[in-house]
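Throughout the sequence shown, residue numbering follows our numbering, covering 1 to 208 in sequence. Right, one structure below, let's go through it.
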Amino acid sequence: MILYDAHHLAPCYAVRLLAGCLGATLDLKPLDVYPGHANQTEAFLALNPLGTLPVLVDGPCLITDWLEALAHLALTHDRAWFPAEHAALIGWLGMARDLGASAGAARLIDTFGAPGDAAAARAQANALLDEVERRMWFGERIGQDWLIEGPHPSIADLACFVFIAPCEDGGLSLRDRPALRRWCDRVRFLPGFVSMSGVFPPMANTGR
């Protein structure tokens, strides 16, 4: 499988992270998006006219949407990552997109100089983070470790994690969101976990 990738982009990280957890091998093709705009070259636009990353190529399959790429990997490698509760899964994947447009946008604006209104992005992100914290807190009270009920994490956990874990790079904080911090630690300790700039590998004792 070939992944056209930008290391610092959260959607690309989500695909690399799931591949790591699955033990799947990716042939990475790195592109310089900031500041190189390699995703706007004629050659790349011939591959994906939208100019978005990541792009996953698996044999005859060309996948240009990162959430579709997560679903494809889960369905072709380990369906435990794609739970039967489809309504809940769709809801959480929608949350991941919203986190990308807010927490993810704030990080790109502050760290990489992407265009946009960082203050507005942070305001939206804080509301979303509070909601995820609330749901996770109540979930923990009934023994639920992951976003969707069940003993195994899903692609929704990784899709949300890649925006939540590095959110401090966008001027946000998890300090007063303990359930989110505990959930992030659980993700970090998954077998095959891979890190990214702003997302650190697990420590033996986090002190949380």
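All residues carry an ideal CB built from backbone N, CA and C; glycine is no exception.
Burial state of residue i (16 or more Cβ within 10 Å)
i: CYS12; result: buried
i: MET203; result: exposed
i: ARG79; result: exposed
i: ALA6; result: buried
i: ALA14; result: buried
i: PHE100; result: According to the sequence displayed, residue 100 carries Gly and not Phe. GLY100 should be labelled buried.
i: HIS72; result: buried
i: PRO49; result: exposed
i: SER173; result: exposed
i: ARG177; result: buried
i: PHE44; result: buried
i: LEU62; result: exposed
Beta-bridge partners of residue i, as assigned by DSSP
i: MET196; result: VAL199
i: VAL55; result: TYR4
i: ASP27; result: ILE2
Whole-Å CB distance - residue i paired with residue j, under 8 Å assumed
i: ILE164; j: LEU129; result: 7 Å
i: PHE82; j: ILE148; result: Incorrect: roughly 10 Å between the Cβ atoms, too far for contact.
Under the three-state DSSP convention, the category residue i falls into
i: ILE148; result: coil
i: LEU62; result: strand
i: ALA84; result: coil
i: ILE35; result: The residue asked about is misnamed: residue 35 is Pro in this sequence, not Ile. Looking at PRO35 - three-state DSSP - the assignment turns out to be coil, as it is neither helix nor strand.
i: THR41; result: coil
i: ALA165; result: coil
i: GLY143; result: coil
i: ASP185; result: helix
i: LEU50; result: coil
i: LEU158; result: helix
i: LEU18; result: helix
i: PRO115; result: coil
i: ASP176; result: coil
i: ASN205; result: Because the pLDDT at ASN205 is just 48, under 50, the model does not fix this residue reliably, and the point stays unresolved.
i: CYS12; result: helix
i: ASP130; result: helix
i: PRO191; result: coil
Checklist entry - Is it true that the segment 96-110 meets the segment 161-181, where meeting means three or more beta-carbon pairs spaced less than 8 Å apart? => result Flag = yes, the segment 96-110 and the segment 161-181 touch.
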